Amino acid sequence: MKLERRHLALTALMNSRESRWNDDMRRMQAEIASLEIELRNAKAMQGVDSGYIQFLTNLSKKQQVDVQNMQEELIDYRMKVEAVTREKEELMDTFESIMDLEKQRWSERLEKDVCIQRIEELESVVEATERNVVQLAGGLKKNVELKEKLETMQTQIQPSATD
Numbered sequence: 371m372k373l374e375r376r377h378l379a380l381t382a383l384m385n386s387r388e389s390r391w392n393d394d395m396r397r398m399q400a401e402i403a404s405l406e407i408e409l410r411n412a413k414a415m416q417g418v419d420s421g422y423i424q425f426l427t428n429l430s431k432k433q434q435v436d437v438q439n440m441q442e443e444l445i446d447y448r449m450k451v452e453a454v455t456r457e458k459e460e461l462m463d464t465f466e467s468i469m470d471l472e473k474q475r476w477s478e479r480l481e482k483d484v485c486i487q488r489i490e491e492l493e494s495v496v497e498a499t500e501r502n503v504v505q506l507a508g509g510l511k512k513n514v515e516l517k518e519k520l521e522t523m524q525t526q527i528q529p530s531a532t533d
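Numbering-wise (our numbering), the sequence shown opens with residue 371 and increments by one.
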């Protein structure tokens, strides 16, 4: 029994070590594959001729010049945007001044229109009053005439009453 337990313990230990050994083998195979890829890349880079390296260098310099040109264009663009912004602000100020003058002019025009309208209203009131005065005068004249007729009739009637 003791021997059997020992055998089971050794078998378990051996299986555990074999499992670790398999894991280590897989890891090493992955590292070997990775190193092989790096070796192929390094060999491929050795095969690149100096003309290609010069081309890449020149391309890099051209890209730097392009970047510098784009930065200069960006600075120019920003300056143009600032100039346009200032011009816009000036135009807006001018526009606001013009609008204020127009408002003032329209206000004055409206005041004149209101005054003219009021004058026309007052003129129509005066005309209506004049017509009323003429009518009243005509009515008064008729009243005076009637009063005179009445007095004439009264004087004619009174002497006859005494006879």
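Where is the CB? At the ideal position from N, CA and C, for every residue including glycine.
All figures in this text were calculated on a predicted structure; none of them were measured in a lab.
- Assigned with DSSP and collapsed to three states, M469 falls in helix.
- CA-CA distance, G509 to M523, rounds to 20 Å.
- Judged by DSSP in its simplified three-state form, M523 adopts helix.
- Here DSSP, grouped into helix, strand and coil, assigns M371 to coil.
- Taken in chain order, the complete alpha helix (DSSP H) segments of 4 or more residues contained in the stretch 475-512 number zero; there are none.
- Unbroken beta strand (DSSP E) stretches of 3 residues or longer found wholly inside the stretch 432-458: none.
- Straight across, the Cα-Cα distance linking E457 with T464 is about 10 Å.
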